[in-house]
Amino acid sequence: MREILWEIIKSSLESANPKLAVKNYLFYDKDERKVKIEDREFEIKGDIYLLSVGKASFPMTEGALEVLGDLIKKGYLVVPYGYEGKLEGNIEILHSSHPIPDENSERSAQVVLNFVESLKENDILIFLLSGGGSALLSLPREGITLQDKIEITKLLLSCSARIQEINAVRKHLSKIKGGQLAEKCKGTIITLVVSDVLGNQLDSIASGPTVPDSTTYKDVFTILKKYDLWEKVPEKVRELINKGILGEIPETPKFISERHFTKVVLSNRICLEKAMEKAKDLGLNTLLLTGFLEGEAREVAKVIAGIVKEIKFFKNPVSPPCALILGGETTVTLRGNGLGGRNQELVLSFAIEIQGIDGLLLASFATDGRDGPTDSAGAFADGNTVKRAENFGMDPISYLLNNDSYHFFEKLNDLIKIGPTHTNVNDIVIALIK
Numbered sequence: 002m003r004e005i006l007w008e009i010i011k012s013s014l015e016s017a018n019p020k021l022a023v024k025n026y027l028f029y030d031k032d033e034r035k036v037k038i039e040d041r042e043f044e045i046k047g048d049i050y051l052l053s054v055g056k057a058s059f060p061m062t063e064g065a066l067e068v069l070g071d072l073i074k075k076g077y078l079v080v081p082y083g084y085e086g087k088l089e090g091n092i093e094i095l096h097s098s099h100p101i102p103d104e105n106s107e108r109s110a111q112v113v114l115n116f117v118e119s120l121k122e123n124d125i126l127i128f129l130l131s132g133g134g135s136a137l138l139s140l141p142r143e144g145i146t147l148q149d150k151i152e153i154t155k156l157l158l159s160c161s162a163r164i165q166e167i168n169a170v171r172k173h174l175s176k177i178k179g180g181q182l183a184e185k186c187k188g189t190i191i192t193l194v195v196s197d198v199l200g201n202q203l204d205s206i207a208s209g210p211t212v213p214d215s216t217t218y219k220d221v222f223t224i225l226k227k228y229d230l231w232e233k234v235p236e237k238v239r240e241l242i243n244k245g246i247l248g249e250i251p252e253t254p255k256f257i258s259e260r261h262f263t264k265v266v267l268s269n270r271i272c273l274e275k276a277m278e279k280a281k282d283l284g285l286n287t288l289l290l291t292g293f294l295e296g297e298a299r300e301v302a303k304v305i306a307g308i309v310k311e312i313k314f315f316k317n318p319v320s321p322p323c324a325l326i327l328g329g330e331t332t333v334t335l336r337g338n339g340l341g342g343r344n345q346e347l348v349l350s351f352a353i354e355i356q357g358i359d360g361l362l363l364a365s366f367a368t369d370g371r372d373g374p375t376d377s378a379g380a381f382a383d384g385n386t387v388k389r390a391e392n393f394g395m396d397p398i399s400y401l402l403n404n405d406s407y408h409f410f411e412k413l414n415d416l417i418k419i420g421p422t423h424t425n426v427n428d429i430v431i432a433l434i435k
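Sequential numbering from 2 applies to the sequence shown in this note's numbering.
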């Protein structure tokens with residue numbers, strides 16, 4: 002079963018091709034001297050510049066260079082540490098930290114802001130945006146510091162807040178997020194997006210630097226209260242948010258000039274559909290259950306286990322042999338001091354729920370190749386996982402309670418290690434039932 006599951010995993014990842022996605026949408030009409038994307042046309046009256054930010058920056062830029070080539074006068078890439086590559090043309094590569102920002106995140110953000118502010122009215126900026134941009138570019142608003150942003154980011158990441166909520170906070174502590182970068186550009190920005198947010202909500206993807214922001218300072222206050230963080234965040238941050246609620250400082254932009262254009266070119270849904278197609282080719286019945294998987298990882302796993310058992314024993318809502326496919330992104334509330342990620346924790350919880358049942362296999366993995374602060378994308382589990390662990394003297398429940406799923410699956414050699422994929426379209430969960 003694992004060989005079959007690997008084939009489905011590989012097929013889904015191959016479809017998450019940022020370079021091809023850019024080339025599928027970006028077109029240069031040499032005769033008319035226009036950049037075209039679907040039904041939108043942009044006449045080239047000035048210079049063309051490029052900015053690429055996020056985990057998919059290298060392949061997205063390769064795609065843009067193949068379309069526009071020497072037309073790109075200058076560009077910048079901002080990528081996480083460890084993401085390396087070579088590009089033709091006048092493209093400068095900047096590295097910074099993810100998921101927690103650092104000094105280079107602030108430095109890179111200032112470089113980007115200066116670059117965008119330097120564009121003239123007739124210039125065009127091709128902005129290639131993908132997951133990770135929120136941390137890679139971190140430029141605090143007046144009154145707060147980078148350390149304040151680092152502290153609040155750590156708090157938000159450890160409390161199971163949804164990415165939309167985390168980025169709502171980030172936008173209101175930033176000089177460039179939530180549409181503010183677009184406001185500072187005199188030229189035209191064409192933003193092509195590889196989405197890592199469920200439902201492709203544009204103002205949440207990398208905190209939406211070039212689109213209107215749907216959230217407010219009042220929302221930020223509500224989010225921090227919801228997760229019992231209001232009293233834990235730095236005092237300067239509370240002061241800033243209160244000023245925003247009272248209208249003493251401007252809100253993030255709720256309108257962006259129509260000269261700017263944004264298009265999602267790749268998302269989780271494409272990978273899910275490719276996984277389903279591959280499973281069918283392999284002779285399996287298929288059910289794409291949802292592309293909106295959210296919630297606490299260990300609890301979501303229990304629901305998935307329940308559905309898998311329903312299929313196994315009652316052939317409902319699909320008959321074995323089959324593949325159950327889900328997409329989305331769960332969260333983890335840190336209670337222990339172990340090492341792991343949301344996918345590995347989901348799989349460990351699933352293993353506990355289906356122990357002793359033959360003919361079940363599950364994989365859950367991050368499409369960027371990195372699940373949490375680990376070198377693994379996710380993990381595998383079947384009905385024999387718990388028994389194997391116990392033979393090694395491991396108690397699965399103890400590992401789960403300590404958020405130590407990485408070391409659990411490392412011992413069993415059940416980690417999914419694929420390395421950096423240079424893309425990020427959330428997570429994929431695939432269960433095989435026979």
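Where is the CB? At the ideal position from N, CA and C, for every residue including glycine. Values in this document were obtained by computation on a predicted structure and should not be read as measured data.
Nearest residue (CA-CA) to residue i, options the options
| i | options | result |
| --- | --- | --- |
| Lys185 | Asn427, Lys237, Asn91, Lys121 | Lys121 |
| Leu156 | Gln345, Gly64, Val234 | Val234 |
| Gly133 | Thr386, Ala364, Ser205 | Ser205 |
| Pro141 | Ser135, Lys176, Asn115 | Lys176 |
| Asn414 | His423, Leu433, Ala390, Thr422 | Ala390 |
| Lys56 | Val238, Leu130, Gly329, Leu402 | Leu130 |
| Gly296 | Cys160, Ile242, Leu95 | Cys160 |
| Ile250 | Thr368, Arg41, Leu174, Thr146 | Leu174 |
| Thr422 | Ala110, Phe366, Glu143, Phe410 | Phe366 |
| Trp7 | Phe410, Leu283, Asn317, Ile312 | Leu283 |
Buried versus exposed call for residue i [16 or more other C-beta atoms within 10 Å across all chains shown]
| i | result |
| --- | --- |
| Asp32 | exposed |
| Arg343 | buried |
| Ile398 | exposed |
| Glu232 | exposed |
| Glu346 | buried |
| Arg299 | buried |
| Asn427 | buried |
| Gly248 | exposed |
| Glu107 | buried |
| Asp124 | buried |
| Phe293 | exposed |
Nearest-angstrom beta carbon gap, residue j and residue i [assumed within contact, 8 angstroms]
| i | j | result |
| --- | --- | --- |
| Ala378 | Ile326 | So it is not a contact: roughly 16 angstroms between Cβ atoms. |
| Leu288 | Val319 | 5 angstroms |
| Leu137 | Val23 | About 19 angstroms separates the two Cβ atoms, so there is no contact after all. |
| Val348 | Ala380 | 4 angstroms |
| Gly339 | Asn425 | No, Gly339 and Asn425 are not in contact; Cβ-Cβ is about 24 angstroms, not under 8 angstroms. |
| Gly179 | Asp149 | Incorrect: roughly 17 angstroms between the Cβ atoms, too far for contact. |
| Val113 | Tyr77 | 6 angstroms |
Contact set for residue i: own chain, Cβ-Cβ below 6 angstroms, skip 5 residues either direction
| i | result |
| --- | --- |
| Lys435 | Pro321, Pro322, Gly360 |
| Lys310 | none |
| Ile190 | Leu126, Phe128, Ala183, Thr211, His261 |
Own chain residues within Cβ distance below 7 angstroms of residue i, not counting five before or after
| i | result |
| --- | --- |
| Gly86 | Phe59 |
| Asp376 | Lys418 |
| Phe351 | Ala302, Ile305, Ala306, Leu363, Ala382 |
| Glu354 | Ala302, Lys303, Ala306 |
| Gly357 | Gly384 |
| Ser12 | Lys275, Ala276, Lys279 |
Spatial neighbours of residue i in its chain, beta-carbon cut-off 8 angstroms, leaving aside the 5 residues before and after
| i | result |
| --- | --- |
| Val170 | Ile153, Leu157, Val221, Ile224, Leu225 |
| Leu402 | Arg336, Gly337 |
| Thr291 | Leu327, Gly328, Gly329 |
Sufficient close CB pairs (3 or more, under 8 angstroms) joining the region 216–223 to the region 182–198:
With fewer than three CB-CB distances shorter than 8 angstroms, the region 216–223 does not count as touching the region 182–198.
With a cut-off of 8 angstroms, do at least 3 Cβ pairs link the region 196–211 to the region 256–271?
The answer is yes - the region 256–271 touches the region 196–211, with three or more Cβ pairs under 8 angstroms.
Would the region 390–397 count as touching the region 368–380 if we require 3 or more Cβ pairs under 8 angstroms?
Taking 8 angstroms as the limit for Cβ pairs, the verdict is that the region 368–380 does not touch the region 390–397.
If you pair each beta-carbon of the region 73–90 with each one of the region 6–24, do three or more pairs fall below 8 angstroms?
With fewer than three CB-CB distances shorter than 8 angstroms, the region 73–90 does not count as touching the region 6–24.
Is there contact between the region 302–317 and the region 241–260, where contact requires at least three CB pairs shorter than 8 angstroms?
Judged by Cβ distances under 8 angstroms, the region 302–317 makes no contact with the region 241–260, as fewer than three pairs qualify.
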